[in-house]
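K.L.:
Dropping the structure in here first, questions after.
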Amino acid sequence: MQKLTTLTRLAVAVSALLLISAYFVPLWQILMWAPQYPEGLEMKIWIDNITGDVKIISALNHYIGMKHIDVSMFPEFGYMIYIVAFMIGVGLLASILNRRAGLIVYVILLIAGGIAALVDFYLWGYDYGHNLDPNAAIVVPGMAYQPPVIGTKQLLNFTAFSGPDTGGWIFLASGLIAVGALVYEIILSRRKA
Amino acid sequence: MKTTFRLPVTLIVCGLVAVGCKPKGPGDMAMGDAASRVYVAPGQYDEFYNIVSGGFNGQIGVYGIPSGRLLKILPVFSVSPENGWGYSEETKPMLNTTHGFVPWDDLHHIALSTTNGEHDGRWAFANANNTPRVARVNLRTFKTEEILEIPNSGGNHSSPFITENTEYVIAGTRFSIPMDNKDVPISSYKDNFKGSISFIKVDPQSGEMSIAFQLRTPGFNFDLSRGGKGPSRDWFFFSCYNTELAYTLLEINASKNDKDFIMAVNWRKAEELASQGQGRLENVEYVHNVYDERTHTATSTVKKGVRVLDITEFPELVYFIPCPKSPHGCDVDPTGEYIVGSGKLAATMPVFSFTKFQNAIASKDFEGDFSGVPVLRYEAVLHGEVQKPGLGPLHTEFDGRGNAYTSMFVSSEIVKWNLETLEVLDRVPTYYSIGHLSIPGGPTAKPHGKYVIAYNKITKDRYLPTGPELAQSAQLYDISGDKMQLLLDFPTAGEPHYAEALPASLIRDNVEKFYRIEDNEHPYAAKGEGQARVERNGKDVHVYMTAIRSHLTPDNIEGVRVGDQVYFHVTNLEQDWDVPHGFAIKGATNAEILIMPGETQTLKWVPDKTGVYPFYCTDFCSALHQEMSGYIRVSPANSNTPLKFSTGVIEGEAAAAQ
């Protein structure tokens, strides 16, 4: 079993500990602007909650038949706290156990978690944007209102932006540190060999 | 040939000379780049709020300076059918008085609250000149929160001026009257008519007003007043006219005395006397109306009794300063040292020195007394006179750089002069016949200078004509340089008297955008569509209605009968900026109501005929605003139509046919 350098162990520990921030800062943000909202509307997605101008956005979106956004719409909020806790645990364990296999498991977990989150967000967005009330006051034939996963999109009179918030960036940094550590270990072991 | 040619040429030359000799027309007076200096680009804000009395419209106008744009008409003493002020069940009590419901008044003066003599952006006080009252407006919501009736007053003109830290608001009577509504011959004026000055205590936290005590004075007319500041902070100065005690043809009989008075009151001493229980308690009734921001409802309470201090009974409380010819304005400079009296019929303008005033009191430099109150010797108190200032001086404001600006009604101009040297520095015409004038922070210890605004009494040809009845005209002048420069001419609503301006930064960031629905404690609020309902209690029908884009709940109501009193309690469920809803119903004999987000307001409706009546939202709220409506069915008085209500329920045709 290959062991890790002290630097790597430290980096992996830092990467895992950085994930704790997910409990204290928003992970994702959706920003919206319209002629009547030059100041913009925002929606912040946390590990177990959704905040910001949610009521206002829901009030506006009901005209086109979109669902009322509510925390109960997202079963993810029930288990995300455990998933992230598990990731932190695996990361710390990898650092403590001092085995490359542990690091590999942690990196895979991080990447898989990130991809799963984006896929999940896309699926929710697809449903939210397509599954419209047929009795809505405004029906634009062929129009769907799926928010962008990342980036900017024009939806009727609104320009919507979606992207990482503080927690999302920290998550990314944490992942990069872990991947970097693994790459560093691989290069190091090849040189030795 | 030559001679016949010469004559027309001569005539033309003479004509040109004659045109050149005509005074310059007012149209040419604005200076070169004036437009760019008052231009507030789209999306940008004005630098100052101008809180302007509405005079006979009984309201306050809020303008932006330097653009002169009207931002809001804020109802105070007069009903406003446009938003339901004085018509909704919640606001009706605000206009209650001991004479019953008074739907109108004449709002003359504004006083913006100060701390240490400087604007603090908390409240605006305003006076009702006709049925004596003082109102307090909250500058966080721009809503009238309180109206206090003033007993023993014949017209509240010398009001609502304030002390340095807004400890007191003043209400001095314009007309002296017999106290306690006594029925006496008018010719018994000298014996029975008295003046009355109320000191209204202001709660430093809530702003709530209460009459602390009244001063009983000889039967003068009180015109205007100002609190001292800095060294003179414990004193209040009142201009008095009609020291002749005339009761008929005042224009002649009250203009006889060479000098009337500025009455100086040591209000700290008065406060002390009142707290010691001096003077006497008089049995009077007056009404106190308070609007509660949480219940969105006003309550009107009858108060009884007021403590009265007769100024002739307490030495060292009051002194009279002789002031030429029926003084109107009585203004204290930013340092608190100079008191400017504006004798509206006088050829000179006296400026009194507070230091000399104190010395004269210490050395008892009196020229006599009036009803036992010492009259100080004019020259002993005088700092000096402004010579030939103009005709008809009325009011003075200050720029904080040692200059004073006085409005001249008769000569229709603003005159700038130096407080120390009393030398006239500049004069500019106003269009026409200026009354009050305002400099941002002008009456405070810290004026912001920059502009002076003239509020004129005559408009005539300033704007496109609109028939015999015209808007009033105001002018904005730049006073940052040595010479005043006319920048802008703008129409104003009502007839502005006094106004104050303050930096927008003192108010702007504190202004509420909507009311929190969680904080709504209105007893008839429906804080969600689930709470919307209709309840009958005898002949009273209470509709707990909600409004949210774009429907009213309930929007189908049946079971109401002719002669019922229907109360539509409409709660606006929105929680976003600038999404008001309105409510109007056919045949309503009162008005509509506007309901701000999170607010509940009630419109009373008494159907007089059977039928089905539409009601709808009057404030264009959304793309489906036209759909925001409903029906109420009114059945005969003796019918048994069951009470029911719904929204979005479509009944079968069979049921409808029944």
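Chains as they are written, first to last, in our numbering: chain C, 38 to 230; chain U, 343 to 1000. Each residue gets a CB set at the ideal place from its N, CA and C atoms; glycine is no exception.
Ignoring anything shorter than 3 residues, give me the beta strand (DSSP E) runs that lie fully in the segment 955–985 of chain U, in order along the chain.
P.N.:
971–977
K.L.:
Check whether the Cβ of C/Lys-92 lies closer than 8 Å to any Cβ atom in chain U.
P.N.:
Locating residue 92 of chain C in the first sequence gives position 55, counting from the first residue. At least one chain U Cβ lies under 8 Å of C/Lys-92.
K.L.:
Are the C-beta of U/Arg-891 and some C-beta of chain C separated by less than 8 Å?
P.N.:
For this step, residue 891 of chain U is matched to residue 549 along the second sequence. At least one chain C Cβ lies under 8 Å of U/Arg-891.
K.L.:
With three or more C-beta pairs closer than 8 Å as the rule, is the segment 876–884 of chain U touching the segment 847–861 of chain U?
P.N.:
Short answer: they don't touch.
K.L.:
Restricting to Cα atoms, I'd like to know which of C/Thr-43, C/Ser-52, C/Asp-85 is closest to C/Ile-214.
P.N.:
For the purposes of this step, residue 214 of chain C is taken as residue 177 along the first sequence, with counting starting at 1. The shortest Cα separation from C/Ile-214 among C/Thr-43, C/Ser-52, C/Asp-85 belongs to C/Ser-52.
K.L.:
Residues of chain C with CB under 8 Å from U/Gln-618, in chain order?
P.N.:
The sequence position of residue 618 of chain U within the second sequence is 276, counting from 1. Within 8 Å Cβ-Cβ: nothing; U/Gln-618 doesn't reach chain C, min ~56 Å.
K.L.:
Select from the segment 952–981 of chain U all residues with a C-beta closer than 7 Å to any C-beta belonging to chain C, and list them in chain order.
P.N.:
Within the segment 952–981 of chain U, the residues whose Cβ lies closer than 7 Å to some Cβ of chain C are Ala-965, Leu-966, listed in chain order.
K.L.:
Taking only beta-carbon positions, decide if U/Asp-918 is within less than 8 Å of chain C.
P.N.:
Translated into the one-based positions of the second sequence, residue 918 of chain U becomes position 576. Taking Cβ atoms only, chain C reaches closer than 8 Å to U/Asp-918, which makes this a yes.
K.L.:
Chain U partners of C/Ala-96, CB-CB under 8 Å?
P.N.:
Taking the first residue of the first sequence as position 1, residue 96 of chain C is located at position 59. Simply Ile-890, Arg-891, Glu-916, Asp-918.
K.L.:
Can you check which of these residues, U/Val-757, U/Ser-822, U/Ser-548, is closest to U/Ala-796 by C-alpha distance?
P.N.:
Here residue 796 of chain U corresponds to residue number 454 of the second sequence, with the count starting at 1. Of U/Val-757, U/Ser-822, U/Ser-548, the residue nearest in Cα terms is U/Val-757.
K.L.:
Is the segment 729–737 of chain U touching the segment 698–716 of chain U in the sense that three or more CB pairs, one from each, lie closer than 8 Å?
P.N.:
no
K.L.:
By the three-class DSSP mapping on this structure, what secondary structure does U/Gly-475 have?
P.N.:
For the purposes of this step, residue 475 of chain U is identified with residue 133 of the second sequence, where counting begins at 1. Checking the sequence, you will find Arg at residue 475 of chain U rather than Gly. U/Arg-475 falls in the strand class under three-state DSSP.
K.L.:
I need the boundaries of the beta strand (DSSP E) containing U/Asp-768, first residue and last residue.
P.N.:
Position 426 of the second sequence, counted from the start, is the residue given in the question as residue 768 of chain U. For U/Asp-768, the enclosing beta strand (DSSP E) begins and ends at 766–771.
K.L.:
Identify the contact partners of C/Tyr-100 in chain U, using a Cβ-Cβ distance below 9 Å as the criterion.
P.N.:
Residue 100 of chain C sits at position 63 when you count from the first residue of the first sequence. Listed along the chain, the chain U residues whose CB falls inside 9 Å of the CB of C/Tyr-100 are Arg-891, Ser-892, Ser-964, Ala-965, Leu-966.
K.L.:
Run through the segment 637–692 of chain U for me and flag every whole beta strand (DSSP E) of 3 or more residues, listed as ranges in chain order.
P.N.:
Fully enclosed beta strand (DSSP E) runs of 3 or longer: 639–652, 660–666, 669–674, 680–685.
K.L.:
Whose C-alpha, out of U/Ile-899, U/Ala-843, U/Lys-881, is nearest the C-alpha of U/Asp-388?
P.N.:
Numbered from its first residue, the second sequence carries residue 388 of chain U at position 46. Of the candidates U/Ile-899, U/Ala-843, U/Lys-881, the one whose C-alpha sits nearest the C-alpha of U/Asp-388 is U/Ala-843.
K.L.:
Using the C-alpha atoms, what's the distance from C/Leu-54 back to U/Arg-411?
P.N.:
Here residue 411 of chain U refers to the residue found at position 69 when the second sequence is read from its first residue. Here residue 54 of chain C refers to the residue found at position 17 when the first sequence is read from its first residue. Near 57 Å, if we compare the C-alpha coordinates of C/Leu-54 and U/Arg-411.
K.L.:
Does DSSP classify C/Thr-43 as helix, strand or coil?
P.N.:
Within the first sequence, the letter at position 6 stands for residue 43 of chain C. Reduced to three states, the DSSP call for C/Thr-43 is helix.
K.L.:
Does C/Ala-59 come within less than 8 Å of chain U when only Cβ atoms are used?
P.N.:
Locating residue 59 of chain C in the first sequence gives position 22, where the first residue counts as 1. No, no contact with chain U.
K.L.:
Sorted by chain position, which residues of the same chain lie with C-beta nearer than 7 Å to U/Leu-454's C-beta, five sequence neighbours on each side aside?
P.N.:
Along the second sequence, read from residue 1 onward, the residue named residue 454 of chain U stands at position 112. Correct list, in chain order: Ile-393, His-461, Ala-466, Glu-842, Leu-844.
K.L.:
Does C/Ala-71 get closer than 8 Å to chain U when you measure Cβ to Cβ?
P.N.:
Working through the first sequence from its first residue, we reach residue 71 of chain C at position 34. At least 8 Å separates the CB of C/Ala-71 from every CB of chain U.
K.L.:
Please name the residue, chosen from U/Leu-945, U/Pro-474, U/Pro-939, U/Ile-519, that lies closest to U/Ser-501 on a Cα-to-Cα basis.
P.N.:
Walking along the second sequence from the start, residue 501 of chain U turns up at place 159. Selected option, being the one with the closest Cα: U/Pro-474.
K.L.:
Please name the residues in the segment 159–179 of chain C whose beta-carbon is closer than 8 Å to at least one beta-carbon of chain U, in chain order.
P.N.:
Contact annotation: in the segment 159–179 of chain C, residues whose CB is within less than 8 Å of a CB in chain U are Ala-174, Ile-175.
K.L.:
Express the C-alpha separation of U/Glu-863 and U/Tyr-973 in angstroms, rounding to a whole number.
P.N.:
As a position in the second sequence, residue 973 of chain U is number 631, starting the count at 1. As a position in the second sequence, residue 863 of chain U is number 521, starting the count at 1. Distance between the alpha carbons of U/Tyr-973 and U/Glu-863 is about 28 Å.
K.L.:
Jot down the residue ranges of each uninterrupted beta strand (DSSP E) in the segment 866–932 of chain U, minimum 3 residues, whole runs only, in chain order.
P.N.:
Whole beta strand (DSSP E) segments, 3+ residues: 875–879, 882–890, 893–895, 898–903, 907–914, 923–927.
K.L.:
Assuming C/Leu-56 and C/Met-124 make a contact with CB atoms under 8 Å, what is their CB distance in whole Å?
P.N.:
Taking the first sequence and counting its residues from 1, one reaches residue 56 of chain C at position 19. Taking the first sequence and counting its residues from 1, one reaches residue 124 of chain C at position 87. Confirmed, Cβ separation roughly 6 Å.
K.L.:
Which residues bound the beta strand (DSSP E) around U/Leu-818?
P.N.:
Taking the second sequence and counting its residues from 1, the one referred to as residue 818 of chain U is at position 476. From DSSP, the beta strand (DSSP E) with U/Leu-818 extends over 814–820.
K.L.:
For U/Arg-516, which of U/Asp-861, U/Leu-437, U/Phe-535, U/Pro-782 has the nearest alpha-carbon?
P.N.:
Translated into the one-based positions of the second sequence, residue 516 of chain U becomes position 174. It is U/Phe-535.
K.L.:
Helix or strand or just coil, what does DSSP make of C/Phe-114?
P.N.:
If you number the first sequence from 1, residue 114 of chain C lands on position 77. Correct three-state label for C/Phe-114: helix.
K.L.:
Mind checking which residues open and close the beta strand (DSSP E) that includes U/Val-404?
P.N.:
The residue you call residue 404 of chain U lines up with position 62 of the second sequence. Residues 401–407.
K.L.:
Going by Cα to Cα distance, which pick from C/Tyr-163, C/Val-176, C/Ile-148 is closest to C/Val-216?
P.N.:
Sequence index remark: in the first sequence, residue 216 of chain C carries index 179 (1-based). Here the closest residue by C-alpha is C/Ile-148.
K.L.:
Pull up the CB-CB distance for U/Tyr-429 and U/Asn-914, whole angstroms please, since I reckon it's below 8 Å.
P.N.:
Sequence index remark: in the second sequence, residue 429 of chain U carries index 87 (1-based). Sequence index remark: in the second sequence, residue 914 of chain U carries index 572 (1-based). Rounded to whole angstroms, the Cβ separation of U/Tyr-429 and U/Asn-914 is 17 Å, and the two are not in contact under 8 Å.
K.L.:
Return the residue from the list U/Leu-651, U/Leu-659, U/Trp-947, U/Asn-507 that minimises the CA-CA distance to U/Asp-882.
P.N.:
For the purposes of this step, residue 882 of chain U is taken as residue 540 along the second sequence, with counting starting at 1. The option with the nearest alpha carbon to U/Asp-882 is U/Trp-947.
K.L.:
Check U/Asn-625 in the structure and name its three-state DSSP category.
P.N.:
The residue you call residue 625 of chain U lines up with position 283 of the second sequence. It is a strand residue.
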